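Asker:
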Amino acid sequence: MSSFPAISPLPSAFSGASFRHRSLSPRLFKSSVKCSYAEATIDIVADVRSERVVVLGGNGFVGSAICKEAISSGIEVVSVSRSGRPSLQDSWLDQVTWVTGDVFYLNWDEVLLGATAVVSTIGGFGNEEQMKRINGEANVIAVNAAKDFGVPKFVLITVHDYNLPPFVLSSGYFTGKRCAEAELLSKYPNSGVVLRPGFIYGKRKVNGFEVPLDLVGEPLDKIYDAAERFIRPLRSLPASDLILAPPVKVDDLALAVINAIKDDDIFGIFTIEQIKEAAAKMRALSY
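In my numbering, each residue's number is its place in the sequence shown (first place is 1) plus 743.
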């Protein structure tokens, strides 16, 4: 690990989630309604934005939850992954365009055509070089491809730092993640969104078998909510978040992504607490 430098703090401009008005250039569809009354004709022309999101790693645990939530929100979805369509039997899968491909060799002109946002869930483990390549280089390529193509928004799923010491954060896993974050916030300073969840729970299927991560995550989530005022002061201790960081439900993470896609004023880094707040906001709007 000595060959990888410790992660330098990001500039203060990247230190937290921010809100600022900006203009987009999405696809617009114009509809015209004509009403006739007493020989008077009124023309009404409305511009309706059509959202089209490209989800990188869309057939994974987090990616599939994002795709499903996007479909239910009326967003057109394109999923890109090396294994294509997942082996699930849900009706929403038929509404997603499944593309089999690797970000290192992808024809971006075809994939990004008409996209209003890109969401990347790319990440993984391995040796130092593999983690740096998967977590860092792959996402950097995606960010630059989206920027060059003119996609107005990019959402990146990374990871909470858990208050770990610098020598741990200098590993290929964290170095890659933070390198991707820096590239995103550099290329998308006013519309790039970084979500940093901790342990993500929900029903996860692996090779046809369901792994009920919610049996562990949901009770822990309730305990953290109930004891938040006692736990929060302890989280300033080094590496304390390995135990004390609250888990995030995969559905909440997906809702936070949709919130970032739909709200033009959102950009910056979102902590675990801010991810939960964004999810709560989306649920409140649905009622």
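Glycine included, every Cβ here is placed at the ideal spot set by N, Cα and C. Computed from a predicted structure; not experimentally measured.
(1) Please give me, in chain order, every unbroken run of the alpha helix (DSSP H) with length at least 4 that falls completely inside the region 830-878.
(2) Rounded to whole angstroms, what is the Cα-Cα separation between K1019 and G935?
(3) Just the C-alpha distance for K920 and E871, rounded to the nearest angstrom, thanks.
(4) Mind checking whether R947 and F804 have CB atoms under 8 angstroms apart?
(5) Return the CA-CA distance between V898 and C810, expressed in angstroms with no decimal places.
(6) Using three-state DSSP, classify K1019 as helix, strand or coil.
(7) Please report the straight-line C-alpha distance between G941 and E853, rounded to a whole angstrom.
(8) In terms of residue numbering, what span does the alpha helix (DSSP H) encompassing I974 cover?
(9) Could you check what DSSP says for I1012 in three-state terms: helix, strand or coil?
(10) Assign G960 to one of three DSSP states: helix, strand, or coil.
(11) Can you round the beta-carbon distance between L998 and L987 to whole angstroms, since I take them to be within the 8 angstroms contact cut?
(12) Please name the residue or residues paired with L899 in a DSSP beta bridge.
(13) Might you give, ordered along the chain, the residues of its own chain that have their beta carbon closer than 8 angstroms to the beta carbon of A980, omitting 5 neighbours on each side?
(14) Between the Cα of E961 and the Cα atoms of P932, V993, E924, R972, which residue gives the shortest distance?
(15) Give me whichever residues DSSP pairs with E880 in a beta bridge.
(16) What are the boundary residues of the beta strand (DSSP E) that V894 is part of?
(17) Three-state secondary structure (DSSP) at E782?
(18) Would you call the region 807-825 in contact with the region 833-844, where contact means no fewer than 3 C-beta pairs closer than 8 angstroms?
Answerer: So, from the data block:
(1) 851-854, 871-874
(2) Position 276 of the sequence shown, counted from the start, is the residue given in the question as residue 1019. Position 192 of the sequence shown, counted from the start, is the residue given in the question as residue 935. For K1019 and G935, the distance between alpha carbons rounds to 19 angstroms.
(3) Along the sequence shown, one-based indexing puts residue 920 at 177. Along the sequence shown, one-based indexing puts residue 871 at 128. Spanning the two alpha carbons is a distance of roughly 13 angstroms.
(4) To locate residue 947, count along the sequence shown from 1; it is residue 204. To locate residue 804, count along the sequence shown from 1; it is residue 61. Closer than 8 angstroms, so yes.
(5) Counting from 1 along the sequence shown, the entry for residue 898 is found at position 155. Counting from 1 along the sequence shown, the entry for residue 810 is found at position 67. For V898 and C810, the distance between alpha carbons rounds to 13 angstroms.
(6) Mapped onto the sequence shown, residue 1019 falls at position 276. Of the three classes helix, strand and coil, the one that applies to K1019 here is helix, per DSSP.
(7) Mapped onto the sequence shown, residue 941 falls at position 198. Mapped onto the sequence shown, residue 853 falls at position 110. Each residue's Cα considered, the two are about 33 angstroms apart.
(8) As a position in the sequence shown, residue 974 is number 231, starting the count at 1. 971-974 is the span of the alpha helix (DSSP H), which, as asked, contains I974.
(9) Stepping through the sequence shown from its first residue, residue 1012 is reached at position 269. Three-state DSSP puts I1012 in a strand.
(10) The sequence position of residue 960 within the sequence shown is 217, counting from 1. Here G960 sits in helix by DSSP.
(11) The residue you call residue 998 lines up with position 255 of the sequence shown. The residue you call residue 987 lines up with position 244 of the sequence shown. About 24 angstroms; that fails the 8 angstroms criterion.
(12) Your numbering for residue 899 matches position 156 in the sequence shown. S863, V937, per the DSSP bridge assignment.
(13) By 1-based counting over the sequence shown, the position of residue 980 is 237. Here residue 980 turns out to be Leu, not Ala, going by the sequence shown. Non-local beta-carbon contacts of L980 in its own chain, meaning distances under 8 angstroms to residues more than five positions away in sequence, involve N906 in chain order.
(14) By 1-based counting over the sequence shown, the position of residue 961 is 218. Ranked by Cα distance from E961, the options P932, V993, E924, R972 are led by V993.
(15) Residue numbering aside, residue 880 sits at position 137 when the sequence shown is read from its first letter. Paired residues: none, contrary to the question.
(16) Along the sequence shown, read from residue 1 onward, the residue named residue 894 stands at position 151. V894 -> no beta strand (DSSP E), and no H or E assigned at all.
(17) Numbered from its first residue, the sequence shown carries residue 782 at position 39. Because E782 sits at a pLDDT of 49, beneath the cut-off of 50, its placement in the model cannot be relied upon, and the point is left open.
(18) Contact between the region 807-825 and the region 833-844 is present, because at least three Cβ pairs lie under 8 angstroms.
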